[in-house]
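To start, the structure itself, in structure tokens.
Written as structure tokens, this is what we have:
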């Protein structure tokens with residue numbers, strides 16, 4: 082079946098987010114035909130995962146032809162609020178551990194969240210822009226500069242970068258998620274923006290990364306089945322797939338690090 086994708090523009094060992102689980106069943110082997118699952122799996126995923134999760138969903142549907150994956154992408158904080166407000170979904174993949182902890186504390190996760198990828202922040206510019214040479218240029222008033230909103234992970238990571246570099250950033254845009262920042266960069270509406278390294282890699286013909294003055298900020302991605310999942314068996318299978326070798330190869334190719 083073909084999976085659908087919705088962009089929400091608003092929405093090793095198990096992490097310590099309530100790591101115990103009442104499910105004593107043994108997970109099926111990746112791509113196994115045993116104990117086939119079926120139906121729809123609704124996956125909420127951070128906007129920075131848009132391309133790679135689209136590829137992972139396609140691979141998962143090949144392995145589990147009875148399952149239709151519906152992908153909804155957005156800022157991790159917006160997705161977390163949607164879960165808290167009862168939006169029907171099966172799986173959440175976030176770009177922030179703290180948001181997962183908040184959901185775990187509210188008993189909104191089935192078992193624990195598990196790390197599956199890492200990323201890092203980058204100072205991105207259109208490939209033909211030469212005026213930006215460091216984070217210090219974010220203090221200039223003659224450039225159009227952008228980052229994510231402060232309440233979403235990519236914005237929090239950007240603010241951490243600015244603080245580490247002692248930069249008083251003069252931002253023209255605080256976008257709802259990283260895809261919005263990338264879109265503005267590609268449209269030539271920003272001279273520079275703070276995005277993920279994977280965003281630069283995915284658009285290497287049009288964007289380039291400017292070397293940072295400070296050590297980059299790392300982002301960790303956890304994934305979990307939601308406590309109110311309408312299809313928990315298929316949701317478990319999808320999470321197992323994301324943690325498996327085939328999905329790992331897709332993540333590696335997109336530039337995501339191992340957890």
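Numbering (my numbering), first residue to last: 82 to 340. C-beta: ideal position from N, C-alpha, C; glycine also.
A distance below 8 Å between beta-carbons, with the five flanking residues on each side excluded, links residue 164 to the following residues of its chain, in chain order: 125, 170, 173, 184, 189 and 307. Residue 200 is bridged by DSSP to 300.
With distances taken between CA atoms, residue 116 lies nearest to 314 out of 292, 314 and 161. The alpha helix (DSSP H) runs of length 4 or more contained entirely in the segment 164-236 are, from start to end of the chain, 178-186. Secondary structure note for residue 260: it is in no beta strand (DSSP E), and the uninterrupted alpha helix (DSSP H) holding it is 259-267.
Following the DSSP letters along the chain, one finds residue 140 inside the alpha helix (DSSP H) bounded by residues 131-144. Shown here for residue 298: same chain residues with a beta carbon closer than 6 Å to its own, the five before and five after excluded, namely 202, 238, 241 and 242 in chain order. If you look at residue 153, you'll find it in the beta strand (DSSP E) that goes 148-155. A contact between stretches requires three or more CB pairs, one per stretch, nearer than 8 Å, and the segment 210-227 meets this requirement with the segment 263-273. Separation of the CB atoms of residue 263 and residue 286 is rounded to 13 Å, and the pair is thereby denied contact status at 8 Å. Rounded to the nearest angstrom, the gap between the Cα atoms of residue 131 and residue 138 is 11 Å.
Taking all protein chains shown into account, residue 257 has 16 or more neighbouring C-beta atoms within 10 Å of its C-beta and is therefore buried. Annotated as proximal: residue 322 and residue 144, with beta-carbon spacing under 8 Å. If you draw a 10 Å sphere on the C-beta of residue 292, you find fewer than 16 other C-beta atoms in it, and that means exposed. At the C-beta level, residue 335 and residue 150 stay beyond 8 Å of one another. Taking all protein chains shown into account, residue 330 has fewer than 16 neighbouring C-beta atoms within 10 Å of its C-beta and is therefore exposed. In this structure, the straight-line span from the alpha carbon of residue 182 to that of residue 268 is close to 36 Å. For residue 277, the beta-bridge partners assigned by DSSP are 202.
Residue burial is scored here from C-beta neighbours: residue 230 has at least 16 other C-beta atoms within 10 angstroms and is therefore classed as buried.
Partner residues in a beta bridge of residue 128, as assigned by DSSP, do not exist.
In the displayed model, residue 160 falls within a helix according to three-state DSSP. Here residue 304 is buried, its C-beta having at least 16 other C-beta atoms within 10 Å.
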